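Have a look at the structure below before the remarks.
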Amino acid sequence: MPTTAEDAPPSPASAEGVSPGAMMPPAAGASGQGVIRAQAADGADPLPPAILRAGQPSPDASAGPGAPQGTPFIPPTERLSAGPQAVGLSLDIQAPAAANLNKETWFKILVKNNGPTEALGVLVRDNLPPGLQYLDSDPKGEVVGSIVTWKIGDLPAGAERVIKVRVKAVQVGSFDHAAVVTVMAGSRTRVQVKQPKLKVEQAVASDQVLKGRQVRFDITVTNDGNGPARDVVVEAKLSPGLRHEQGDIIQLSLRKVYGKEYLASGESLTLQPLIVEAIGGGPQTCEITATSPDVSEEAKTSQTITVIEPRLEIALRGDKDRAPDTLARYTLTLANTGTAPARKVKAVARIPSGGTLEDKGGGRYDPQKRYLYWYLEQIEPNTKQEFTFTILVGSPQIYQIVAAAIAQDVKQVNDSLTTQVMGVADVQFSVVERRRILDPGDETDYEIRIINKGSKEATNIQIRAKLSENLSYVETAGTEQDAGWDQANREVVFPQIPRLAARESLPLTIRVKAEKSGPATCSVTLTYDGLNGVTINNTAYSTVMQARAEDTPQPPR
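One rule links them: number in the working numbering = place in the sequence shown (from 1) + 645.
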């Protein structure tokens, strides 16, 4: 009776309507092996394991016409129909009920496709028992041992194929044999592969922004592909000179923020502006990336802006050492070393107590606060402004001048300078003669008056007095020790005076005797510490008259 390919091996069926004359003559080189195999007495399946494995045909069995040896037959996709497919094959063996020993007989195998779709790679195998010898078949089969195989190929829906087999009975007995059919069934479907592709763009109003101001980035995400992109996430990464309340990495999910489960093909979405603060100067970047689990490559764009800033620097230069009651000169320099103009610049210098402002240097002075002000509308980048002012310093002390400057969007800058006003020794002296006119033999005094008009004591004062040839040294006064007389140089050398306090004076006298007529001089030199080898000179003048006649001895008469 008819069976399907998935059923058990079929039983023998009636052979009515089959003519022995229709059988083909034996094929040359036929194996001569029987092709109807006896059923085992214990009922065991007589078919070899390779045939019994449902859905596991051997390589030869599954290969279709033209397929490489050992390669499973896979039909062209266009041969398959779309959707679920059903294949139903029936197999029937029709043979005579009896055969005579050593006589030829025949049987036929009927294969029919009862399903709605074409059966592909149909294969029929018959395992002949030992009592039957295969002679020939139509179509021809392939004989391997006792197994005969027919490659039917493709069987359209409703079609039937008949295999006619001629055999010879070679043993006496009752023999069963079974044939099996295998088939390939296939179905196809179409998958459209799409590629979503993200593109992210950003724009900024200006590529330059002043430090401390806000920067606005406008960001647009577009799906340039031909498929939807799900769960799009946009991430912004800021360089250190840009600040956002969420930090330097800001993430935004289109699903969470905008309720967008996906971005359709060709769809664009402009995000809420990204507002950040410029806190660092120079080039700063905002890097935007857009990702989706449906997109293999992330979209990325980077925008660079330049943060410009004024940078104010202040420098105060001037005299570091001055003497009392002298003018000290100072220069205040304001420089803009930044990349933007410094606007609304204000500078101030504080004049120290004890000093008197003599020159305001173009500024405005507040004597109550002792502040000297300067105002500038702006200072361009890489330029500077200088202001020079003078102060009359008084008594010895340290004078500190403090200066500061500030501008719009610029922090205050400060500088200071100290001037050390130190006392100095200022020793002066005079030398005068008590008598301008002398007669030979007269004595007179030259008075030397030394005074330290400075603010600091003078030390190691040395005084020398050189007398003219017509004067002779008598004595000195004013020092604890007498002065010495250097006859070779005709100099009076006073003992060194260790110190002379500020505003203090010291009188000295030199007594001389007129020896002969003519101009008489007393030339005094003075040195002390701090003059660096310089000497101070002063001279007093007298005249020695000629001797009177009555004073001249007369020769005896």
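All residues carry an ideal CB built from backbone N, CA and C; glycine is no exception.
The structure presented is a predicted model; accordingly, all values stated were derived computationally and were not measured.
Notebook entry, point to check: If you draw a straight line from the alpha carbon of ALA968 to that of GLN1065, how long is it in whole angstroms?
Noted result: Our two residues, ALA968 and GLN1065, have alpha carbons roughly 8 angstroms apart in a direct line.
Note to self: Between which residues of its own chain and GLN1107 is the CB-CB distance below 8 angstroms, once the five residues before and five after are set aside?
What the structure shows: Closer than 8 angstroms at the Cβ level, and outside the excluded window around GLN1107, lie PHE1139, GLN1141, ILE1142, LEU1171, THR1172, TYR1173.
Check: Who are the near neighbours of ALA960 in its chain, counting only those whose CB is closer than 7 angstroms to its CB and skipping five residues on each side?
Finding: In chain order, THR978, ASP1060 place their CB closer than 7 angstroms to the CB of ALA960, counting only its own chain and leaving out the 5 sequence neighbours on each side.
Notebook entry, point to check: What are the start and end residues of the beta strand (DSSP E) that includes ARG806?
Noted result: Unbroken beta strand (DSSP E) run through ARG806: 805-814.
Next item on the list: Grab me the residues of PRO1041's own chain with a C-beta within less than 8 angstroms of its C-beta, minus the 5 sequence neighbours each way, in chain order.
Entry: Take PRO1041, set aside five residues on each side of it, and the residues of its chain with a beta-carbon closer than 8 angstroms to its own are PRO969, VAL1066, MET1067, GLY1068, SER1100, LYS1101, in chain order.
Check: Can you give, in chain order, each stretch of the beta strand (DSSP E) that sits fully within the segment 844-884 and has at least 3 residues?
Finding: As for any beta strand (DSSP E) of minimum length 3 sitting wholly inside the segment 844-884, the runs are 853-855, 859-868, 878-883, ordered along the chain.
Notebook entry, point to check: Between VAL1119 and LYS1158, which are expected to be in contact by the criterion C-beta below 8 angstroms, what is the C-beta distance as a whole number of angstroms?
Noted result: Between LYS1158 and VAL1119 the Cβ distance is about 6 angstroms, and since that is below 8 angstroms, they are a contact.
Notebook entry, point to check: Going along the chain, which residues of its own chain have a beta-carbon closer than 7 angstroms to the beta-carbon of ASN1183, five neighbours each way excluded?
Noted result: These residues qualify, in order along the chain: PHE1074, SER1075, VAL1076, VAL1169.
Margin query: Can you find the residues in the same chain that come closer than 6 angstroms, C-beta to C-beta, to LEU908, ignoring five residues on each side of it along the sequence?
Written below: Apart from sequence neighbours up to five positions away, the residues of its chain that approach LEU908 with a beta-carbon distance below 6 angstroms are ASN868, ALA874, VAL877, ordered along the chain.
Margin query: Tell me which residues share the same chain as ARG1081 and place their Cβ nearer than 7 angstroms to its Cβ, disregarding the 5 neighbours each side in the sequence.
Written below: Hits under 7 angstroms: SER1187, THR1188.
Item checked: Residues near ILE1043 by beta carbon distance below 7 angstroms, same chain, minus five either side -> Within the same chain, ILE1043 has close Cβ partners THR1063, GLN1065.
Next item on the list: May I ask you to list the residues that DSSP assigns as paired with MET829?
Entry: Residue pairing by DSSP places MET829 opposite LEU765 in a beta bridge.
Check: Straight-line CA distance for LEU1021 to VAL1072?
Finding: Cα to Cα, the separation comes out at about 48 angstroms.
Note to self: Taking contact to mean 3 or more Cβ pairs, one atom from each stretch, closer than 8 angstroms, check whether the segment 726-736 and the segment 754-774 are in contact.
What the structure shows: Touching, yes, given that three or more Cβ pairs across the two stretches are closer than 8 angstroms.
Note to self: Taking 8 angstroms as the cut-off, is the C-beta of LYS839 nearer than that to any heavy atom in the ligand GTP?
What the structure shows: You won't find the ligand GTP in this model; it holds no ligand whatsoever.
Item checked: Coarse secondary structure for ARG900, derived from DSSP in three states -> Helix at ARG900.
Note to self: Comparing C-alpha positions only, which one of TRP795, ILE950, VAL817 sits nearest to LYS785?
What the structure shows: Cα-wise, what sits closest to LYS785 is TRP795.
Note to self: Quick check: LEU773 and VAL817, are their CB atoms within less than 9 angstroms of each other?
What the structure shows: Remark: C-beta atoms of LEU773 and VAL817 do not approach each other more closely than 9 angstroms.
Notebook entry, point to check: Where does the unbroken beta strand (DSSP E) through SER735 begin, and where does it stop?
Noted result: Boundaries of the beta strand (DSSP E) around SER735: 734-739.
Check: What is the C-beta distance between LEU780 and GLU749, in whole angstroms, given that I count them as a contact (C-beta under 8 angstroms)?
Finding: The pair is a contact, with the Cβ atoms about 7 angstroms apart (cut-off 8 angstroms).
Item checked: Residues that ASN772 bridges to, as DSSP identifies them -> Answer is ILE792, ALA823, bridged to ASN772.
Notebook entry, point to check: Can you give the beta carbon distance from GLU846 to THR946, rounded, assuming they're within the 8 angstroms contact cut?
Noted result: At roughly 6 angstroms, the Cβ-Cβ gap stays under 8 angstroms, so GLU846 and THR946 are in contact.
Check: Hey, THR934 and GLU942 are a contact pair by Cβ (cut 8 angstroms); roughly how many whole angstroms apart?
Finding: Contact between THR934 and GLU942 does not hold, since the beta-carbon distance rounds to 10 angstroms and is not under 8 angstroms.
Check: For THR722, which of helix, strand or coil comes out of DSSP?
Finding: Assigned with DSSP and collapsed to three states, THR722 falls in helix.
Next item on the list: Tell whether a beta-carbon distance below 9 angstroms holds between ALA1052 and ILE1024.
Entry: Using a Cβ distance threshold of 9 angstroms, ALA1052 and ILE1024 count as a contacting pair.
Checklist line | Per DSSP, cross-strand counterpart(s) of TYR1091 | finding: TYR1091 pairs with GLU1078, ILE1155.
Item checked: ILE1036 beta carbon less than 9 angstroms from that of ALA1002 -> Here residue 1002 is Leu; the residue named in the question, Ala, does not match the sequence. If you check the CB distance, LEU1002 and ILE1036 come in under 9 angstroms.
Notebook entry, point to check: Taking DSSP as the reference, what is the three-state secondary structure of ARG835?
Noted result: In the structure shown, ARG835 sits in coil (DSSP, three-state: anything other than H, G, I, E or B).
Item checked: Buried/exposed call for ASN1027, threshold 16 Cβ in 10 Å -> Its Cβ having fewer than 16 others within 10 Å, ASN1027 is exposed.
Note to self: Taking contact to mean 3 or more Cβ pairs, one atom from each stretch, closer than 8 angstroms, check whether the segment 830-837 and the segment 896-916 are in contact.
What the structure shows: Judged by Cβ distances under 8 angstroms, the segment 830-837 makes no contact with the segment 896-916, as fewer than three pairs qualify.
Next item on the list: With SER782 as the anchor, note down where its beta strand (DSSP E) starts and where it stops.
Entry: Residues 777-783.
Item checked: Residue from ALA824, LEU919, VAL810, ARG858 whose Cα sits closest to the Cα of ILE953 -> The residue from ALA824, LEU919, VAL810, ARG858 with its alpha-carbon nearest to that of ILE953 is ARG858.
Item checked: Cβ-based neighbour list, LEU972, same chain, cut-off 8 angstroms, excluding 5 preceding and 5 following -> Once the five neighbours on either side are set aside, the close Cβ partners of LEU972 are GLU1003, THR1035, ILE1036, LEU1037, VAL1038.
Notebook entry, point to check: What do you get for GLN1191, buried or exposed, if any count of 16 or more other CB atoms within 10 angstroms of its CB means buried?
Noted result: Exposed, since its Cβ has fewer than 16 Cβ neighbours within 10 Å.
Next item on the list: Could you tell me which of LYS989, LYS753, THR1104 sits nearest to GLN1057, measuring between CA atoms?
Entry: Nearest C-alpha to GLN1057: LYS989.
Margin query: DSSP three-state label for GLN1042, please.
Written below: Three-state DSSP puts GLN1042 in a strand.
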